[in-house]
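These notes are about the structure you will find just below.
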Amino acid sequence: MTERPLSGLDAVERGPLPSDPSAPAAPAPVEGQSDHPSVAALASRFGPAVQGHRLMAGDQTVVWIAPEKSLEILTWLKDDPAQQYDMMSDVTGVDYGSGRPIEVVYQMFSTVHKRALRLRCRLPLEALEIDSVAGLWHSANWLEREVYDLFGVTFKGHPDLRRILMPFDYAEGHPLRKDFPLRGRFSRAEQTRRALAQDVERFYGSQELAHGGPPQQVPARTEPEAEG
Amino acid sequence: MGLGDLLPGGGTQKSEGGLGMFGAGSPTFLTTKIDFVINWGRRNSLWPMPFGTACCAIEMMAAAASNFDLARFGMERMSFSPRQADVLICAGRVPYKLAPVLRRIWDQMPQPKWCVSMGACASSGGVFDVYSMVQGIDTIVPVDVYVPGCPPRPEGLIYGLMMIQEKIREESLSRHFEHRAEDPALVALAKANEAEIVGLTGPFGNSTQQEKLSGAPTDDNSA
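Read top to bottom, the protein sequences are chains A and B. According to our numbering, the residues represented by the first sequence are 3 to 230, in order. According to our numbering, the residues represented by the second sequence are 180 to 402, in order.
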């Protein structure tokens, strides 16, 4: 006779367990040369800071770099005449769970040389910090805020590192982490209470809010004063 | 038998044009109940406040377009200001970040007002039984009619609005404050209390792999 299966309530109260260590891990770099011209240039210029490369999804070259040198490498990739990756298409994060490092992924494109390149930085869970590249590409500003919001990666030097998708006062953590419970950490009643206590003026402009006028107030009934 | 036949003297003094009730000496008034007249006016000029957040809103637009033609029931005027709206149609999923906005729009609508929760997500959270999603807007605002479906067909929305009309038809002005009174202290607060929210949204929801994701042992791995 086995113990009764835990209900969803028990599981919510106990919190999440570490995810399955046998789950697929991050793809690893492969040995060998790359056809992509930026890979050899990166390796010759930055040496050990470039940790490897791999061709993924057919034609996408991925380069792993050391996070402490990321700002230097990305600045060079943007400014060097032979590279000129002038468009930061995406900055995102990946959590593979089981205490594995969180990866920050930069997807870049050079409109001059018509080349795409993807960089990945492994960040250990105890040091989720990396230099911000919002000063190089304006598009990285909101994308880094999104990674901060959902994965908890701190971007050093970011001009405005706030949450962007979740409410500003969200206190339950970073939802896309593998150790985040599916329904959040608070009860639904607490989540509802906190949601309705939000200051709407903080994330909607005053013009938008003024459209419908102030909230409807039902005037309290008062007895007419007797004239004396 | 026309309407004129029912009026006192109306049926007996037909003029040549056949409009006896407007003829000389015939009565030019109707007697009715004030409840009936007011409810008749209210239910045939419902102005919806569309709160469309997802695919349900597409069906709501289809219901308002010419093929289904919501205007047949007096709802041709989608009011994009809550101040001129009678019925809030919440069509689509509502995340917690949007909950105070929905509540404020409801507070801004003048009485009398009604609310339609359109679709599975607005009514119960639907498949989005996750950290970010309101599990049914009835925890935020009072709901009169739930329209099931994912998304409901336009006929479903029209049927829901006709149920609102039926509800209005049975209201009485003498009980106006009973139906319509609002406590100003409850503006911008949740409609349901804590026990109701837990009961409505309890963690036995509809996400199929909650136990696996939470790490609870199942029959497969506990043996």
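Beta carbons are placed, not taken as given, at the ideal position from N, Cα and C, and that holds for glycine.
- The beta-carbon distance between B/Cys269 and B/Ser296, rounded to whole angstroms, is 5 Å. This is short enough to meet the 8 Å contact definition.
- When secondary structure is reduced to three states using DSSP, A/Gly154 falls in the coil class, being assigned neither helix nor strand.
- Straight through space, the alpha carbons of B/Tyr275 and A/Gln193 are spaced by roughly 8 Å.
- The beta-carbon of A/Leu184 is placed less than 8 Å from the nearest beta-carbon of chain B.
- Apart from the 5 residues on each side of it in sequence, B/Glu345 has no Cβ closer than 6 Å to any other Cβ in its chain.
- In the three-state DSSP reduction, A/Asp92 falls in the strand class (E or B).
- Within 8 Å of the CB of A/Glu174, the CB atoms of chain B belong to Tyr310, in sequence order along the chain.
- Closest in alpha carbon position to B/Phe215, among B/Ala360, B/Asn372 and B/Glu349, is B/Glu349.
- When DSSP reads this structure, B/Tyr310 sits in no beta bridge, so it has no partner.
- Contact note: A/Pro169 reaches chain B through Tyr275 and Lys276, using a C-beta cutoff of 8 Å and chain order.
- Three or more pairs of CB atoms, one per stretch, sit closer than 8 Å, so the segment 275 to 284 of chain B contacts the segment 194 to 202 of chain A.
- Ranked by how close their Cα comes to the Cα of A/Pro161, the residues A/Ser134, A/Gly186, A/Phe170 and A/Gly175 have A/Ser134 in first place.
- With a threshold of 16 other beta carbon atoms within 10 Å, A/Val155 meets it and is buried.
- At a cut-off of 8 Å, the C-beta of B/Pro291 has no neighbouring C-beta in chain A.
- If only uninterrupted beta strand (DSSP E) runs of at least 3 residues are considered, those enclosed by the segment 271 to 355 of chain B are 293 to 297 and 324 to 326.
- Contact annotation, B/Pro333 with B/Ala241: C-beta distance approximately 5 Å; criterion of less than 8 Å satisfied.
- Within the DSSP bridge table, the entry for A/Trp144 names no partner.
- Under the Cβ criterion of 8 Å, B/Thr318 is counted among the residues facing chain A.
- Chain A places no beta carbon closer than 8 Å to that of B/Gln344, leaving this residue out of the contacts.
- Residue pairing by DSSP puts A/Glu131 in a beta bridge opposite A/Thr156.
- The C-beta of A/Gln85 has 16 or more other C-beta atoms within 10 Å across all chains shown, which makes the residue buried.
- Within its own chain, the residues whose Cβ lies closer than 6 Å to the Cβ of B/Pro291, once the five positions on either side in sequence are excluded, are Arg359, listed in chain order.
- Of the residues assessed, B/Gln263 falls on the exposed side of the cut-off, its CB having fewer than 16 other CB atoms within 10 angstroms.
- Membership of A/Ala42 in the alpha helix (DSSP H) is indicated by the continuous run Pro39 to Phe48.
- In the three-state DSSP reduction, A/Thr194 falls in the helix class (H, G or I).
- For the set A/Arg190, A/Val114 and A/Lys180, the Cα lying nearest the Cα of A/Gly99 is the one of A/Lys180.
- Close partners of A/Val202 in chain B (Cβ separation under 7 Å): Pro279, Val280 and Arg283.
- For A/Ser189, the nearest beta carbon of chain B is closer than 8 Å to its own beta carbon.
- Near chain A, meaning a CB-to-CB distance below 9 Å, no residue of the segment 224 to 253 of chain B qualifies.
- In this structure, the CA atom of B/Arg251 is about 10 Å from the CA atom of B/Ile337.
- Between A/Arg122 and A/Glu105, the gap from beta carbon to beta carbon is short of 8 Å.
- Of the residues assessed, B/Phe307 falls on the buried side of the cut-off, its CB having 16 or more other CB atoms within 10 angstroms.
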